[in-house]
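Asker:
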Amino acid sequence: MSDEQQLASFSPTVRRVISRRVILSAVTAAVCVVLANLLALRNPTQIVLTQSADHSLSPLTKNVLGALTNDVRAVVLFDRHADLFEPVKNLLTEYERTSPKLKLELIDIARDPTRAEAVQQELKMPSNSPENRVIFAANNTAKAISQSELSILDFSEFINTREARRTHFVGEQLFTSAIAAVTQGRQTKVGFVIGHGEHKASDTGGQWGYSKFSNILQQKDLHLQEIPLTGTNSIPADCRMLIVAGPRTPYSRGELAKLREFVGTGGSLFTLFNFYSLQRPTGLENFLADYDFEIGFNQVSDSKNEQSGQGGLLLVDDLGSHPITKPILGSRLQMLLPRSVGFPEAENDESPPVSILAHSSDAGQAVGQIQGNKGSVEREGKIPLIAAKLHANDGQPPARLVVAGDSLFLGNSAIEAGANRDFASLAVNWLLEREHLLAIAPRTVTEYRIDLSRAEMTSITWLLLLVLPGGTLGLGLLWWRRQMKRS
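Every letter in the sequence shown is one number past the one before it in numbering that gives the first Met the number 0, and letter 277, counting from 1, is 276.
Set out below in structure tokens:
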């Protein structure tokens, strides 16, 4: 064999040259990797490539975490095979990266039940709950968030599929609220006015009960109590907000005076009417007129936006530009025969005294109630259904009022429909001056579903286990044989 043939093949000289090049390339690659890691450690950043994997934190959450002075413990008690385990873990990992004060612990309740029980006893939390949950603890205070609270579900196809589709993940909103609650060490008190046929916060069985709404309030770490206004009963001085939900009988002058005093000292009032009180005014109509609200003695219908096959059920998608409704613009509320809630017409071009949060469509009609269940059309066109106002008080903090023409849309059977649940949460945040929580929007969940038959699954299995490895091996053998022929 000639010298040219030896040099063209794997001769000792060529092998030494190739070896030097390989070693030099490997050393260069290693140096580049080390330098890249050193640069990444000194200048950390995160690039989100897909929307569904976006776990970047809102400015509010970063402010809350940055203001922590004491350690906050976050314990994730989750089965690692649960659907929400990865979103919860990834989100709280971002919390831990943002603040060294947050200490994260992941416990698989299926594989390590002993550790899960010990942690719950240590934090003085009930250990008999079978549901996955996240516990935040600080300053001898602990708050648990269960898996069922972390999702907004769509029940529109439940009757046909028996499945509720997860549309949004609200982990950041609940986690940040829980951290603020355990670090503050005190609860805000909210009262449900009772004594006039109002919806009951403790009613879990009735379709018009408010137990689901009260659960939303408790998730916000609010302390709930029932407050009667009759006789010598007074509104507690530390009560921040009153909810008057669908009263059916009149309030006395003394009761209305207590409400007026509460609003006059800066208390927030969430008042909801319904069509059951049309024939018997509650007195709240005149009371709210003093704050520039006009409550109609009517039922609002909407031929354009009525639910098909369900008379009186309105799909309300004309929402105003207000902190309460901005996060849900483009969504729909579902309301049942609401009453109109607006403001008296002004004689000049002054700005409206109240903010309208929801209108009917331009096909709306307000039908006044008269005897014999017959009514006359009082008004046509876009009719206001929900309104809010920031009311100034002399020498006292301003009061916040939200008035809705329907109380049934927050009942147990309707609160999960449309954006009703979101509206309830946003309204409470605004009434309690928690504008910071309004800035944390739920994260949209994008689902990708692949349906494969048994034959298709078998084909994919053989492809992954036989064809791909076999093809790779065959190409390697061909390349090796070609090189052997050249040598």
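All residues carry an ideal CB built from backbone N, CA and C; glycine is no exception.
Excluding five sequence neighbours on each side, which residues of the same chain lie with their C-beta closer than 6 Å to the C-beta of E254?
Answerer: Locating residue 254 in the sequence shown gives position 255, where the first residue counts as 1. Here the set comprises L228.
Asker: Once DSSP output is grouped into helix, strand and coil, what is the label at G473?
Answerer: For the purposes of this step, residue 473 is taken as the residue at position 474 of the sequence shown. Three-state DSSP puts G473 in a helix.
Asker: How should R20 be labelled, buried or exposed, when 16 other C-beta atoms within 10 angstroms of its C-beta is the threshold for buried?
Answerer: As a first step, residue 20 is located in the sequence shown; it is residue number 21 there, counting from the start. Looking at its Cβ environment, which holds fewer than 16 other Cβ atoms inside 10 Å, R20 is exposed.
Asker: Would you kindly report the start and end of the unbroken alpha helix (DSSP H) that includes S176?
Answerer: As a working note, residue 176 is residue 177 in the sequence shown. S176 -> alpha helix (DSSP H) spans 170-183.
Asker: I'd like the list of long-range same chain contacts for Y275, defined as Cβ closer than 6 Å, with 5 residues on each side in sequence excluded.
Answerer: Your numbering for residue 275 matches position 276 in the sequence shown. The answer, listed in chain order, is R247.
Asker: Pull up the distance between the alpha-carbon of A391 and that of L40, whole angstroms please.
Answerer: Numbered from 1 along the sequence shown, position 392 holds the residue referred to as residue 391. Numbered from 1 along the sequence shown, position 41 holds the residue referred to as residue 40. Approximately 52 Å, taken between the alpha carbons.
Asker: Considering Cα atoms alone, identify which of I134, T182, C31, L23 is closest to T68.
Answerer: Position 69 of the sequence shown, counted from the first residue, corresponds to residue 68. Nearest C-alpha to T68: T182.
Asker: What does the alpha-carbon distance come out to for the pair Y447 and S150?
Answerer: Here residue 447 refers to the residue found at position 448 of the sequence shown. Here residue 150 refers to the residue found at position 151 of the sequence shown. With a pLDDT of 48 at Y447, under the threshold of 50, the modelled position of this residue cannot be trusted, and the question is left open.
Asker: Are the beta-carbon atoms belonging to D78 and D107 less than 8 Å from one another?
Answerer: Numbered from 1 along the sequence shown, position 79 holds the residue referred to as residue 78. Numbered from 1 along the sequence shown, position 108 holds the residue referred to as residue 107. Result yes, Cβ atoms of D78 and D107 sit closer than 8 Å.
Asker: In chain order, what are the residue ranges of uninterrupted beta strand (DSSP E) at least 3 long that sit wholly in the region 204-290?
Answerer: Qualifying beta strand (DSSP E) stretches, in chain order: 221-227, 238-244, 267-271.
Asker: Within its chain, find whatever has a CB closer than 6 Å to the CB of L105; leave out the 5 residues flanking it on each side and keep chain order.
Answerer: Within the sequence shown, the letter at position 106 stands for residue 105. Excluding residues within five positions, the ones whose Cβ falls inside 6 Å are V75.
Asker: For the alpha helix (DSSP H) that contains R420, what are its first and last residues?
Answerer: Here residue 420 refers to the residue found at position 421 when the sequence shown is read from its first residue. 419-430 is the extent of the alpha helix (DSSP H) around R420.
Asker: Taking 8 Å as the threshold (C-beta atoms), are K381 and S360 in contact?
Answerer: Residue 360 sits at position 361 when you count from the first residue of the sequence shown. Residue 381 sits at position 382 when you count from the first residue of the sequence shown. Closer than 8 Å, so yes.
Asker: Could you give the first and the last residue of the continuous alpha helix (DSSP H) run that contains A115?
Answerer: Along the sequence shown, one-based indexing puts residue 115 at 116. Residues 112-121.
Asker: Out of R378, P86, R399, E377, which has the shortest C-alpha to C-alpha gap to A387?
Answerer: Counting from 1 along the sequence shown, the entry for residue 387 is found at position 388. With distances taken between Cα atoms, A387 lies closest to R399.
Asker: What residue range is occupied by the uninterrupted beta strand (DSSP E) comprising R433?
Answerer: Residue mapping note: residue 433 aligns to position 434 of the sequence shown, counting from 1. Careful: R433 lies outside any beta strand (DSSP E) and carries neither H nor E.
Asker: Just mark I325 as buried or exposed, buried being the case when its beta carbon has 16 or more other beta carbons within 10 Å.
Answerer: Residue 325 sits at position 326 when you count from the first residue of the sequence shown. It should be pointed out that residue 325 corresponds to Lys in this sequence rather than to Ile. Label assigned to K325: exposed.
Asker: Counting pairs of Cβ atoms below 8 Å between the region 279-294 and the region 322-337, do you hit three or more?
Answerer: Because the criterion of three Cβ pairs below 8 Å is not met, the region 279-294 and the region 322-337 do not touch.
Asker: Could you tell me how far apart the beta carbons of Y209 and A244 are, in whole angstroms, since I believe they sit closer than 8 Å?
Answerer: The residue given as residue 209 occupies position 210 in the sequence shown. The residue given as residue 244 occupies position 245 in the sequence shown. About 6 Å separates the two Cβ atoms, so the contact holds.
Asker: Since L335 contacts D421 with CB under 8 Å, what's their CB separation in whole angstroms?
Answerer: Locating residue 335 in the sequence shown gives position 336, where the first residue counts as 1. Locating residue 421 in the sequence shown gives position 422, where the first residue counts as 1. Wrong, their Cβ atoms sit about 18 Å apart, outside the cutoff.
Asker: Flag this pair as yes or no: are the beta carbons of E379 and G341 separated by less than 8 Å?
Answerer: For the purposes of this step, residue 379 is taken as residue 380 along the sequence shown, with counting starting at 1. For the purposes of this step, residue 341 is taken as residue 342 along the sequence shown, with counting starting at 1. No, they are not a contact pair.
Asker: By Cβ distance, which residues of its chain are closer than 6 Å to V133, with the 5 residues on each side in sequence left out?
Answerer: On the sequence shown, residue 133 is found 134 positions in, with the first residue counted as 1. Taken in chain order, the residues that qualify are V75, I144.
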